[in-house]
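Going by our numbering, the first residue of the sequence shown is number 120, and it counts up by one from there. Backbone N, C-alpha and C define an ideal beta-carbon position, used for all residues, glycine too. This report concerns only the one structure given below.
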Amino acid sequence: MKNKIFLTGIIFFVLGFSQKKEKIPGAILMDKVLKSEQEWQTCLTPDEYQVLRNKGTERAFTGEYYKHSEKGIYTCAGCENELFSSSTKYDSGSGWPAFFDALDKSKVKTKRDLSYGMIRTEITCAKCDSHLGHVFEDGPKPTGLRYCVNSLALDFKKTN
Ligand SMILES: [Zn+2]
Numbered sequence: 120m121k122n123k124i125f126l127t128g129i130i131f132f133v134l135g136f137s138q139k140k141e142k143i144p145g146a147i148l149m150d151k152v153l154k155s156e157q158e159w160q161t162c163l164t165p166d167e168y169q170v171l172r173n174k175g176t177e178r179a180f181t182g183e184y185y186k187h188s189e190k191g192i193y194t195c196a197g198c199e200n201e202l203f204s205s206s207t208k209y210d211s212g213s214g215w216p217a218f219f220d221a222l223d224k225s226k227v228k229t230k231r232d233l234s235y236g237m238i239r240t241e242i243t244c245a246k247c248d249s250h251l252g253h254v255f256e257d258g259p260k261p262t263g264l265r266y267c268v269n270s271l272a273l274d275f276k277k278t279n
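Now the structure itself:
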């Protein structure tokens, strides 16, 4: 009897161990981009570094993509992760590029941000953890969301 319990224990241990190696079912497989702060400083411009790695905010109405209306995909300036489609971009009047949806929810991570005496939800790139901006609940239909993103956190890939 004791032996049986012992064996069952081993089986559960082995099963548990092998399961840990597998990815969670249904999750999109994504290789994380991990860089040291020094590597980030080398591959980003000082302005990009300030936004992406130090959670900075570019001045309103100054960003490259605020008034940008070409068709394509906006990618993360840190790792080229595809984040937003031009089809969800709209003019929020805020001075920063705004999207009412992410390309895929798994590509953009959200986290409560209590800095500067405000309750906001920070958005980061799920692949490289870079700061992108914030998401607010005052966006247009169908989502009611406003992903407010720094131009400096984005690159753009044109599509036809
Ligand atoms: Zn990224």
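- prompt: Where does the unbroken beta strand (DSSP E) through Asp232 begin, and where does it stop?
  reply: Here residue 232 refers to the residue found at position 113 when the sequence shown is read from its first residue. Looking at the DSSP string, the run of the beta strand (DSSP E) that includes Asp232 is Val227 to Asp232.
- request: Determine, using beta carbons only, whether Arg239 comes closer than 7 Å to chain C.
  value: Of the chains in the structure shown, none is chain C; there is only one protein chain.
message: Does the beta-carbon of Ser249, which I'm using as the reference point, lie nearer than 6 Å to any heavy atom of ligand 1?
response: Walking along the sequence shown from the start, residue 249 turns up at place 130. Under cutoff, so the answer is yes.
- request: Leaving aside the five residues before and after Gly263 along the sequence, list all residues of the same chain whose C-beta is less than 7 Å from its C-beta, in chain order.
  value: Locating residue 263 in the sequence shown gives position 144, counting from the first residue. Cβ within range, chain order: Glu256.
query: Any heavy atom of ligand 1 closer than 6 Å to the CB of Ser246?
result: Here the question's residue 246 lines up with position 127 in the sequence shown. Note that residue 246 corresponds to Lys in the displayed sequence, not to Ser. Yes - ligand 1 has a heavy atom lying nearer than 6 Å to the Cβ of Lys246.
- prompt: If we ignore side chains and look at the alpha-carbon of each, how far apart do Leu153 and Asp248 end up?
  reply: Taking the sequence shown and counting its residues from 1, the one referred to as residue 153 is at position 34. Taking the sequence shown and counting its residues from 1, the one referred to as residue 248 is at position 129. Whole-angstrom Cα-Cα distance: 9 Å.
query: Between Lys151 and Lys246, what straight-line distance do the alpha-carbon atoms span, to the nearest angstrom?
result: Translated into the one-based positions of the sequence shown, residue 151 becomes position 32. Translated into the one-based positions of the sequence shown, residue 246 becomes position 127. In this structure, the straight-line span from the alpha carbon of Lys151 to that of Lys246 is close to 5 Å.
field: Three-state secondary structure assigned by DSSP to Gly252
entry: Position 133 of the sequence shown holds residue 252. Gly252: strand per DSSP, three-state reduction.
message: Tell me the DSSP secondary structure of Gly293 in three-state form.
response: Only positions 120 to 279 of the chain appear in this structure, which leaves residue 293 out of reach.
- request: For Ile130, collect the residues of the same chain with a Cβ closer than 6 Å to its Cβ; drop the 5 residues on either side in sequence, then sort them by chain order.
  value: To locate residue 130, count along the sequence shown from 1; it is residue 11. A caution first: Ile130 carries a pLDDT of 48, below 50, which makes its placement in the model unreliable, though a value can still be read off. There are no such residues.
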